[in-house]
Amino acid sequence: MTALAFEIAPDLEAHEPPEARGVPRDGVRLLVAQRSSGAIEHRTFRDLPELLGPGDVLVINVSATIPAAVPARRAGGAGAVRVHFATRAPHLDDDWRVVEIRSADGSRPARLPAGERLTLRGGASLELVAPYASGQRLMLARFCCELLVDDYLERHGEPIRYSHISKPWPLEAYQNVYAISPGSAEMPSAGRPFTRELMSRLVARGVTIAPITLHAGVSSPESHEPPFPEWFEVPERTAQTICDARHGGGRVIAVGTTVVRALESATAADGCACARSGWTGLVVTPECGVRAVDGMITGWHEPEASHLMMLEAVAGPELLHASYAAAVDAGYLWHEFGDSHLILP
Amino acid sequence: MPLAIITGSSRGLGLALARALAERGWALVLDARGGAELERAARELGAITEVVALPGDVADDWHRGALVESAGEKIDLLVNNASLLGPSPQPPLGRYPLDTLERVYQVNVLAPLALTQLVLPRMADGDAIVNVSSDAALEPYAGWGGYGSSKAALDQLTAILAEEHPALRIYSVDPGDMRTRMHQEAFPGEDISDRPPPEASVPGLIRLIEGTLPSGRYLARELTPAEPALR
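Residue numbers (the working numbering), protein chains in the order written: chain A, 1 to 345; chain B, 346 to 576.
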């Protein structure tokens, strides 16, 4: 891919939820980029029903964010760190987890040797067993506590927060209104601007809304490693809805990169989705292209994020460059609490 | 329900892999020399899936026949995991007892090939054979002449079998150092608690077993656990 060359000035970073800036969730800005015409338009997220029509399908990720960050101490007074619980460990029992170890304030990755045992807040312990899948940043770890991992995190964890977010926000700030299935370490944030009222207006407009689940792991913005495997489920009914839209001329719009990853992992060469669940290691690139989705709603991503390869697969290189240039020019806000981007075919 | 034969499956890597496959809906034929440990494993896994457990020695041809017969007409996976380290501590080759070496080769080289010969007629295209190898097959560690050369032979058998059966997936896999009884025997008296438990190698093994990677030699802990695409 031709690298997108831009820098995010600090004043383009959203440091807090829009509500804290006096803007409702659906009041964030929405840049609309149309692939067929190359047109770029500046709108507000709540205009979405006017931009879609009857027969279009919005596919949403109903995974809910879990409080996946926990403060921890190293053995022998070697200092404090922060543990980010990324995903379950594929094919192992529930107490096995894939984790990222970060500095005590969460601002940067910390490299710890395999074999170390950490003491977590609340008295649980975590054995760092081995590097995960030969990567540099994630480790396979075994959790030891009377509580199950999910119950423990609910009691003792906090939402994962990177350094661009200046202070902690409650878990609700990281929850989409339609999130029902806890399991994401980081918020599937493309869905954040949806409100109940906006969803009602979309339904009234004749837009179909179909769910998938993909439990998002950690992105750790410093690293440029491709995303690791994540668990997903595309239900039968959603697969059918997508196939019907394909045949009936409706557009399939994915709400977020997680939805694109799940749908593309469940889609055959003929573009028809199948009911499927499991772990996916799919990385969507311009070379492999997209088969299941016609467009997507997403946030604004870091220049080197692997997400940009996926966006290029959906939007094409010219439109993507034009979108990012327009967004930087117009002062769109970046990251999970920022503004939105709608890519239409 | 897919069916797997796993040798050496009463403890260590074999048991960890059997647990993961049981959870994933595989029927299992288990084998080990130790009857009591095998019975415990069979009871545990029998609560989740169909299990046949046969105590015996893979170097014994009657036992091998029984394993394959009890698996039935269709075998989807053979994991040759049972191996023999040799004497502990391991002697240098200059005074390695040849009768012991013969026994090491029987268990680590001939038995996997003999089982392979028995299962080949019961396998279909795409089925898999996984031979558990070691870095000692490649690296000339002093004192590892017996075990290491047997695993080198197993690697080469695996590679040639793969050429001869292009429709099957035939792997040799190095699980990495593990906190197992065999590893403790290899380092008698040493503290091996810094080695990862065998579970750390299981996600990579499942990728080999259930994925579509081409035949070859792999490092279990360097495999990404999921296929790049489920297409």
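Beta carbons: idealized from backbone N, C-alpha and C, even for Gly.
A buried status is given to B/Ala482, since no fewer than 16 other beta-carbon atoms sit within 10 Å of its beta-carbon. Between the alpha carbons of B/His528 and A/Asp270 lies a distance of about 50 Å. Remark: C-beta atoms of B/Asp376 and B/Thr352 approach each other more closely than 9 Å. The CB of B/Ala545 comes closer than 8 Å to the CB of Val129, Ala130, Leu140 in chain A, given here in chain order. Taking a Cβ-Cβ threshold of 9 Å, the residues of chain B close to A/Gly115 are Ser538, Asp539, Arg540, Pro541, in chain order.
When secondary structure is reduced to three states using DSSP, A/Val83 falls in the strand class. Between A/Ala330 and A/Ile253, the alpha-carbon positions lie close to 24 Å from each other. Annotation: A/His215 has no Cβ neighbours in chain B at a cutoff of 7 Å; minimum Cβ distance is about 13 Å.
By the 16-neighbour rule on beta-carbons within 10 angstroms, A/Glu230 is buried. The contact set of B/Thr394 on chain A, defined by CB atoms closer than 9 Å, is empty, because the minimum CB distance reaches about 15 Å. According to the DSSP assignment, A/Cys144 belongs to the beta strand (DSSP E) that extends over 138 to 144. DSSP places A/Met310 inside the alpha helix (DSSP H), whose first and last residues are 307 to 315. Leaving aside the five residues that flank B/Thr445 on each side, the residues in its chain whose CB is nearer than 8 Å to its CB run, in chain order, Gly431, Pro432, Gly491.
Residue burial is scored here from C-beta neighbours: B/Trp407 has fewer than 16 other C-beta atoms within 10 angstroms and is therefore classed as exposed. With contacts defined by Cβ atoms closer than 9 Å, B/Leu383 and B/Ala349 do not form a contacting pair. Under the Cβ criterion of 9 Å, B/Arg566 is counted among the residues facing chain A.
Of the residues assessed, A/Glu7 falls on the exposed side of the cut-off, its CB having fewer than 16 other CB atoms within 10 angstroms. For A/Ala130 against A/Leu120, the beta-carbon gap comes to about 19 Å, at or over 8 Å, which does not count as contact. Interface residue (Cβ-Cβ distance to chain B less than 9 Å): A/Gly183 is not classified as such.
Here A/Gly248 carries a helix assignment [DSSP, helix/strand/coil]. From the beta-carbon of B/Glu572, the residues of chain A found nearer than 7 Å are Gly281.
Contact annotation: the stretch 30 to 42 of chain A does not touch the stretch 153 to 169 of chain A, with fewer than three C-beta pairs closer than 8 Å. For B/Ile551, the chain A residues whose Cβ falls inside 8 Å of its Cβ are Pro90, His91, in order along the chain.
For A/Pro229, the neighbours in chain B by C-beta distance under 8 Å run, in chain order, Thr569, Pro570, Ala571.
Look at B/Trp407 here: in three-state DSSP terms it is helix. Annotated three-state conformation of B/Arg562 is strand, per DSSP.
Exposed is the label assigned to B/Leu443, since fewer than 16 other Cβ atoms lie within 10 Å of its Cβ. Interface flag for A/Gly278 against chain B is set, since a Cβ pair is found closer than 9 Å. Within its own chain, the residues whose Cβ lies closer than 8 Å to the Cβ of A/Ala86, once the five positions on either side in sequence are excluded, are Ala68, Arg97, Val98, Val99, Glu100, Leu138, Ala185, Gly217, Val218, Phe228, listed in chain order. A/Glu146 and A/Ala124 have their C-alpha atoms some 8 Å from each other. For A/Pro54, same chain residues with a beta-carbon under 6 Å away, outside a window of 5 residues either side, are Gly206 in chain order. Scanning its chain for C-beta atoms nearer than 7 Å, with the 5 sequence neighbours on each side dropped, one finds around B/Asp402 the residues Arg378, His408, in chain order.
For B/Gly370, same chain residues with a beta-carbon under 8 Å away, outside a window of 5 residues either side, are Met346, Pro347, Thr394 in chain order. Runs of the alpha helix (DSSP H) lying entirely within the stretch 185 to 227 of chain A, each at least 4 residues long, are 196 to 205 in chain order. By DSSP's assignment, A/Arg74 forms no beta bridge with any residue. Judged by their CB atoms, A/Leu263 and A/Leu48 are not nearer to each other than the 9 Å cut-off.
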